[in-house]
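Enquirer: To start, I am sharing the structure in question, which I have written as structure tokens.
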């Protein structure tokens with residue numbers, strides 16, 4: 001229930017946004033999708049309107065920026081050039097400024113003589129122009145074409161042109177210019193309000209689109225109710241099944257009673273059988289004991305074999321151990337030899353050194369010991385010790401030299417201390433600046449400058465203080481005179497008010513007065529706006545009544561629409577007119593399209609449907625359908641789709657019905673595939689050329705056409721499997737027939753899919769005649785070397801490159817002619833000839849051996865060639881093949897012709 005309320009609210013909001021009334025239609029995905037498309041169209045329209053308003057607002061804002069001066073400025077380039085000239089110290093005026101200083105008669109005469117002066121600048125003399133020409137960059141005038149007039153040269157009476165005055169010339173008058181500025185401000189306000197309203201609508205549309213996306217991802221109430229009814233149906237079926245099971249249970253209970261009697265007899269037989277089984281068990285027990293004893297004997301024998309094998313392994317291990325022991329003894333002797341050598345080197349430095357070691361008699365290890373000696377490290381340390389001794393001797397000599405230097409430095413220090421004592425006894429208390437003498441001198445100079453600057457500042461402050469004292473004295477005298485004047489004029493002494501800031505108080509009073517004036521002006525503007533709105537409402541109402549009949553009693557109050565009318569009634573009415581006309585055009589186009597679809601459908605049914613009874617019934621029902629009655633037609637087609645959906649779903653439950661449908665479909669599909677195969681062969685065979693010798697020379701052939709199916713029985717089994725696969729795909733992918741995409745259906749059940757499944761990839765290869773300068777097709781018998789594959793000509797194949805321009809042109813033209821001839825033959829076109837339009841076909845090929853077969857085949861198949869080509873590439877061997885020429889040109893975005901030329 002909550003989801004239903006939510007969907008109803010979304011539906012009403014959609015209709016409200018689309019200015020429609022919700023008619024209680026079924027709310028399913030199809031309805032929301034259609035409303036979403038309308039909402040997308042409305043959003044695009046709003047975006048377009050918003051862009052137009054923003055563009056207009058930009059233009060009005062530009063005019064507003066330019067209208068900051070006291071005179072009219074036609075474009076910003078005038079300002080830019082004027083500022084550049086003024087920076088040179090030259091007096092310059094705009095054309096509007098110059099005209100504003102003239103009398104009315106002089107102004108008219110100047111405009112007659114110089115109509116473009118409104119968009120130019122005025123300077124005084126040629127001397128100014130020479131200065132401008134030398135100093136201003138000429139590149140400045142690249143995008144700023146502003147005429148510059150020299151006042152002393154404006155007395156020419158020559159006038160070799162006519163004048164066309166625009167609205168800009170009216171803005172020379174200050175009254176018109178002021179009114180124009182006010183209108184710009186008013187238009188900008190209206191555009192801003194309209195833009196705000198459109199942005200608000202776009203925000204609402206965006207929110208509704210998000211809701212539609214959410215709805216598209218969930219099941220609607222319609223689908224949920226449908227599932228609910230299906231569940232109820234399943235519950236009824238389950239209850240019926242329970243009732244049937246209860247009946248089966250009562251039957252089973254009767255059977256159980258009968259079986260109990262039989263069970264008593266069986267128990268008696270069972271007791272007798274048990275006695276026999278006890279005897280058998282005793283025998284089996286004795287047999288098991290015998291088998292167990294036999295198994296124990298076998299296990300003991302196996303253990304004896306394993307022990308013998310272990311003894312052999314131990315003997316082998318003893319031999320290996322003796323060999324390893326010999327290796328250890330040899331390694332130990334080598335270790336003792338190396339030890340003695342190292343000890344000799346060490347005793348040179350340490351003669352009292354002794355080396356002792358103990359041998360453990362009870363040592364045991366499972367790993368072979370390692371007798372490595374790290375003597376190299378010890379020897380390297382001894383060598384380093386010798387080097388360090390030498391370094392110590394050298395450092396001792398350096399220390400003696402440094403001690404001598406220190407004694408001399410102390411003597412020098414005592415001498416400097418004596419000099420400082422001679423200069424100042426308290427030299428130790430002086431602050432050390434950590435600077436050299438030059439830096440100290442610089443700091444002293446800077447401090448002297450700062451002292452002089454401070455003295456000048458002191459003098460200036462003293463002077464200002466004296467001036468202020470005199471001003472205060474003068475202000476007191478002025479105040480006394482004002483008091484005397486007030487007393488003489490008003491006969492009362494002036495009062496001292498408790499206002500700390502009289503200027504602030506006066507400013508506040510002035511602001512209140514100005515605020516009241518602005519409020520009065522706003523009230524007048526609102527009154528004028530409401531008056532204007534009333535007039536616009538009456539105008540638009542009369543406008544609507546002039547085209548359409550209105551019944552006031554059928555109208556409904558819409559608050560949102562009322563607000564839109566109050567903001568911009570012209571735009572709302574124009575949108576309503578556009579929407580009405582668009583709906584009318586759409587209805588007319590839909591009716592026309594429906595008639596066209598119906599005629600095509602009737603023609604297809606009449607040609608392709610073989611069952612006469614079904615054909616007659618379909619033709620009668622379709623002809624009687626009234627296309628204008630959209631609602632009834634929609635209900636009818638919806639019912640048809642639901643019936644089709646139910647039939648599709650029922651095929652998975654009714655086996656016999658599914659088999660009948662499969663047999664009928666596969667029979668029709670197999671017939672259709674055989675017809676396509678025969679049509680392919682006929683289309684290719686139609687491109688046989690009878691040459692001069694009388695041989696039939698095919699221009700196109702099929703290699704491997706013997707692999708194509710010839711009878712229906714060859715492909716029925718394949719199509720039966722594909723039918724079952726396709727039905728399961730449709731059911732699993734989309735059970736709702738309304739959401740079944742035609743492209744997906746065509747992908748599964750279209751001619752291409754059926755044909756591909758029937759052939760199972762056994763496609764024949766398309767061979768085409770490979771054009772050459774010998775033109776073998778005219779006299780020779782067809783041979784395999786004259787042909788190649790379509791892919792080899794168009795893209796290259798293997799190590800062979802692609803075909804030449806002439807070969808590509810001829811092959812492509814032949815195939816187009818073949819397809820168009822076949823289509824014309826089967827559609828039933830009665831025209832004797834077929835028109836083939838080619839765009840610049842002679843750009844890559846114009847040889848005689850290329851053009852001859854093309855024109856001969858075209859003549860044989862009654863093709864009329866219309867070719868577009870540039871005049872410079874039309875040679876004599878090309879032009880002589882065309883009896884009629886048209887000289888075409890492109891002017892103003894349109895193609896025009898200069899006359900028909902008939903070749904004699």
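Residue numbers (my numbering): 1 to 904.
Idealized CB from N, CA, C, for every residue including glycine.
1) Is residue 245 helix, strand or coil by DSSP?
2) Does the pairing of the region 232-243 with the region 33-44 give three or more beta-carbon distances under 8 Å?
3) Could you have a look at residue 836 and say whether DSSP puts it in helix, strand or coil?
4) Give me, in chain order, the residues of the same chain whose beta-carbon lies closer than 6 Å to that of residue 125; leave out the 5 immediate sequence neighbours on both sides.
5) Following the continuous alpha helix (DSSP H) through residue 751, name the residue where it begins and the one where it ends.
6) Given this structure, state the Cα-to-Cα distance separating residue 940 from residue 561, to the nearest angstrom.
7) Taking 8 Å as the cut-off, does the region 659-666 touch the region 770-784 (at least 3 CB pairs, one atom from each stretch)?
8) With distances taken from CA atoms, which of 846, 108, 107 and 88 is nearest residue 127?
9) Count the other C-beta atoms from every protein chain shown that fall within 10 angstroms of the C-beta of residue 810, then say buried if there are 16 or more, exposed otherwise.
10) Could you give the DSSP three-state label for residue 509: helix, strand or coil?
11) Could you compute how far the alpha carbon of residue 142 sits from the alpha carbon of residue 150?
12) Mapping DSSP to helix, strand and coil, what is residue 102?
13) If you drop the 5 nearest sequence neighbours on each side, which residues of the same chain put their C-beta closer than 7 Å to that of residue 763?
14) Counting beta carbon pairs with one atom in the region 693-707 and one in the region 676-685, are three or more of them shorter than 8 Å?
15) Tell me whether the beta-carbon of residue 8 lies closer than 8 Å to the beta-carbon of residue 35.
16) Between the beta-carbon of residue 819 and the beta-carbon of residue 808, is there less than 8 Å?
17) Enumerated in chain order, which unbroken segments of the alpha helix (DSSP H) with a length of 4 residues or greater are wholly contained in the region 843-890?
18) Tell me the rounded alpha-carbon separation between residue 575 and residue 841.
19) Shortest alpha-carbon distance to residue 859 belongs to which of 839, 881, 871 and 876?
20) By Cβ distance below 6 Å, which residues in the same chain neighbour residue 10 in space, the five residues on each side in sequence not counted?
21) With DSSP collapsed to three states, give me the class of residue 255.
22) In the DSSP assignment, the alpha helix (DSSP H) including residue 126 goes from what residue to what residue?
23) Would the beta-carbon of residue 757 fall within 8 Å of that of residue 719?
24) Can residue 559 and residue 537 be called in contact, C-beta distance under 8 Å?
25) With burial defined as no fewer than 16 other Cβ atoms inside 10 Å of the residue's Cβ, what is the status of residue 162: buried or exposed?
26) Report, in whole angstroms, the separation of the C-beta atoms of residue 483 and residue 494, which I expect to be a contact under 8 Å.
27) Measure the alpha-carbon distance for residue 672 versus residue 822 and round it to whole angstroms.
28) Residue 117 to residue 123, Cα distance in whole Å?
29) DSSP has residue 896 in a bridge; who is on the other side?
30) Please classify residue 868 as buried or exposed, where buried requires at least 16 neighbouring CB atoms within 10 angstroms.
31) Identify which residue in 390, 623, 591 and 589 has its Cα closest to the Cα of residue 602.
32) By the three-class DSSP mapping on this structure, what secondary structure does residue 772 have?
33) With a Cβ-Cβ cutoff of 8 Å, do residue 669 and residue 754 count as a contact?
34) Threshold first: 4 residues or longer. Then list the alpha helix (DSSP H) segments lying entirely within the region 566-611, N to C.
35) With a threshold of 7 Å, establish whether the CB of residue 861 neighbours any heavy atom of the ligand MN.
36) Considering just the uninterrupted stretch of the beta strand (DSSP E) at residue 148, what are its terminal residues?
Expert: Straight from the coordinates:
1) helix
2) no
3) strand
4) 152
5) 751-759
6) Given a span of 1 to 904 for the chain in the structure shown, any question on residue 940 remains unanswerable.
7) no
8) 88
9) buried
10) helix
11) With a pLDDT of 45 at residue 142, under the threshold of 50, the modelled position of this residue cannot be trusted; read the value that follows with caution. Roughly 21 Å separates the two Cα atoms.
12) coil
13) none
14) yes
15) no
16) no
17) 848-860 and 876-879
18) 49 Å
19) 881
20) 211
21) helix
22) 126-135
23) yes
24) no
25) Note that residue 162 has pLDDT 30, beneath the 50 cutoff, so the model's placement of it is unreliable and the number below is only indicative. Looking at its Cβ environment, which holds fewer than 16 other Cβ atoms inside 10 Å, residue 162 is exposed.
26) 5 Å
27) 17 Å
28) 12 Å
29) 889
30) exposed
31) 623
32) coil
33) yes
34) 569-608
35) Looking for the ligand MN in the displayed structure turns up nothing, as the structure carries no ligands at all.
36) 148-150
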